[in-house]
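Okay, so the sequence shown: first residue is 447 according to my numbering, each after it adds one.
Heads up, the beta-carbon is just placed ideally off N, CA and C, and yes, glycines get one too.
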Amino acid sequence: MVYPMPLINDLLQDLDKAIWYCLLNMASGFWVVAEKAQMTSAFIKPSGLYEWLRMPFGLKNAPQIYQCMVDNASYGYLTIGEQRSTSGREVSQPVDVFTNDEPDPHRKPSVLGRRSYIDDILILASSWTSLDQKVNRLL
């Protein structure tokens, strides 16, 4: 499985412009294995058939699989607020972090002002109320 991981340098850009930070850490996120994947991860020993209920340690693709799960879970939050067009109408347009497999932070803002890398999500804001609203929208 090939899944584009975010570049650390792109995630660290503009951190100095925010005053408030909220870090969410999904402690047991790697434990989740989809029910349909349990049969795929099964192995047989003389004592019987074993199926992984949690993601086993040492899997090479585990970070990419988990990053894909986090991105899919937050896919519904890809629109950023209300934006005004030149005619004054409110327009809500989807924002995609990756274009041509490379992030372009200058052209498009991060999704809801949050940055995620594997099991850590960092949310930035310029005020406490703004941070509170972003966290509530994400949760």
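- Membership of Trp574 in the alpha helix (DSSP H) is indicated by the continuous run Trp574 to Leu584.
- Rounded to whole angstroms, the gap between the alpha carbons of Leu469 and Phe503 is 24 Å.
- Under the DSSP definition of a beta bridge, Leu495 partners with Ile490.
- Contact between Leu585 and Ala464 is ruled out by a C-beta separation of about 19 Å, above the 8 Å threshold.
- Taking the Cα of Met501 as reference, the smallest distance to any Cα among Ser474, Pro492, Asn518 and Cys514 is reached at Ser474.
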